[in-house]
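Novice: So that we are looking at the same thing, I have put the structure below in structure tokens.
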Amino acid sequence: MRPSDVVTRPVEEALDLPALESDLDEQHPWPGLEGYAEGDQEYFKGRSEEIEKLYTLIRRERLTLLYGKAGTGKSSLSRAGLFPKQRREEALPVWVRLDYSDHAPLLGAQVKSAVYDAAQVAKLEAPEPVEDQSLWEYLHLHEGEFWSPNHRIIMPFIVFDQFEELFTHGLAHKDPKRLADIRAFISELSDLAEDRVPPGVLTDSARQVRYNLERHHYKLLVCIREEYLAELDRMKDELPPALFQNRMRLTDLTAEQAKEVVEQTGRAVGADELSDEIVERASEDTKEQG
Numbered sequence: 006m007r008p009s010d011v012v013t014r015p016v017e018e019a020l021d022l023p024a025l026e027s028d029l030d031e032q033h034p035w036p037g038l039e040g041y042a043e044g045d046q047e048y049f050k051g052r053s054e055e056i057e058k059l060y061t062l063i064r065r066e067r068l069t070l071l072y073g074k075a076g077t078g079k080s081s082l083s084r085a086g087l088f089p090k091q092r093r094e095e096a097l098p099v100w101v102r103l104d105y106s107d108h109a110p111l112l113g114a115q116v117k118s119a120v121y122d123a124a125q126v127a128k129l130e131a132p133e134p135v136e137d138q139s140l141w142e143y144l145h146l147h148e149g150e151f152w153s154p155n156h157r158i159i160m161p162f163i164v165f166d167q168f169e170e171l172f173t174h175g176l177a178h179k180d181p182k183r184l185a186d187i188r189a190f191i192s193e194l195s196d197l198a199e200d201r202v203p204p205g206v207l208t209d210s211a212r213q214v215r216y217n218l219e220r221h222h223y224k225l226l227v228c229i230r231e232e233y234l235a236e237l238d239r240m241k242d243e244l245p246p247a248l249f250q251n252r253m254r255l256t257d258l259t260a261e262q263a264k265e266v267v268e269q270t271g272r273a274v275g276a277d278e279l280s281d282e283i284v285e286r287a288s289e290d291t292k293e294q295g
């Protein structure tokens, strides 16, 4: 498909948004430890300010870092807060949790597969990834745009969840091949974040013609527990500068935000009338755990 084929229409008409299921309902409005999924957006309350702040950071740079303590809801904020908003803005949310196990595919291949699979679910026309193709190459192919059924170009929005596993599972690995793959992936991530043409492409004019060097139509979000920020700092020379400049800390819900959650989603089970008591008990439990 060519850019000249684009039809200008309101976003609501242009996007064929997938039907998303939710395990929640009015009688069971809270998900528990697994967190909120994208389909749970109707029940995800109390974080509107954080959603807007993070969305602004994402628009500003290609790469954004979201960090916070365990249990603050980084995954929920991404999936139930950001994903629906990004879809409305003609983006393709792609959730990635890298697998560092012995027999897992190469990390770059995992990301390409996740992007392509998400495009298939959303019924987009998308380039099929091939072997020996870096992430930068995959997202810069000539005529490699992601097209909606209504002829609009859709932007991949790739979220790397639980990125701390790079340190707990990845770099703790003993297999030299896996460690080499991790180093290669970090380099690929930096290429994408800084829009740095890979050396193999930069020095090969025959390869350059396959790629659009002017297109940077993607966004990246890295989510990590804040106790691993020191590990990122130790690798500062290898990682994209945006990880240290374009970042947001997610904190616990305030008492006012927690009350909003209870009042807006717990009405059907009578929890709204007990919102003050519920928030107070939850606060006491948090202090005891801390």
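One gets our numbering by counting positions in the sequence shown from 1 and adding 5 to each. Virtual Cβ for every residue (Gly too), placed ideally from N, Cα, C.
Which word fits G37, buried or exposed, when buried means at least 16 other C-beta atoms lie within 10 angstroms of its C-beta?
Specialist: Counting Cβ neighbours within 10 Å, G37 comes out exposed, since fewer than 16 surround it.
Novice: What's the gap between the Cα of Y223 and the Cα of F162?
Specialist: Straight-line Cα distance between these residues: approximately 6 Å.
Novice: Does the segment 198-207 touch the segment 26-46, meaning 3 or more C-beta pairs lie closer than 8 Å?
Specialist: The segment 26-46, when compared against the segment 198-207, does not touch it at the 8 Å Cβ threshold.
Novice: What residue range does the alpha helix (DSSP H) around G73 cover?
Specialist: That residue, G73, is in no alpha helix (DSSP H); its beta strand (DSSP E) goes L68 to G73.
Novice: With DSSP run on the structure shown, which of helix, strand or coil describes V126?
Specialist: Three-state DSSP puts V126 in a helix.
Novice: Within a Cβ cutoff of 8 Å, which residues of the same chain sit near Q125, ignoring the five residues on either side of it in sequence?
Specialist: Taken in chain order, the residues that qualify are A131.
Novice: Whole angstroms are fine: how far does the CA of E95 sit from the CA of L144?
Specialist: Those two C-alpha atoms are separated by around 16 Å.
Novice: Where do the ends of the beta strand (DSSP E) carrying K224 lie?
Specialist: Segment K224 to R230, the beta strand (DSSP E) holding K224.
Novice: List the whole-angstrom C-beta distance separating F168 from V227, where the pair is believed to meet the contact cut-off of C-beta under 8 Å.
Specialist: Indeed, because the Cβ distance is near 5 Å, the residues count as touching under 8 Å.
Novice: Between the alpha carbons of G113 and M240, how many angstroms are there, rounded?
Specialist: Taking the straight line joining both Cα atoms gives about 19 Å.
Novice: May I ask you to report which of helix, strand or coil DSSP gives A131?
Specialist: Note: A131 maps to coil in three-state DSSP.
Novice: Specify the secondary structure class of V206 as computed by DSSP and reduced to three states.
Specialist: Of the three classes helix, strand and coil, the one that applies to V206 here is helix, per DSSP.
Novice: My assumption, with CB atoms under 8 Å, is that R357 sits in contact with L70. Please give the rounded CB distance.
Specialist: With the chain covering 6 to 295 only, the question about residue 357 has no answer from this structure.
Novice: Taking three-plus beta-carbon pairs below 8 Å as touching, is the segment 42-58 in contact with the segment 211-218?
Specialist: Judged by Cβ distances under 8 Å, the segment 42-58 makes no contact with the segment 211-218, as fewer than three pairs qualify.
Novice: Taking D96 as part of the beta strand (DSSP E), name the residues at either end of that continuous run.
Specialist: In the sequence as displayed, the identity of residue 96 is Ala instead of Asp. Taken as a continuous stretch (DSSP letters only), the beta strand (DSSP E) holding A96 covers A96 to V101.
Novice: Which one of L103, A75, S27 and E66 has the shortest CA to CA distance from P245?
Specialist: When only C-alpha atoms are compared, the closest one is E66.
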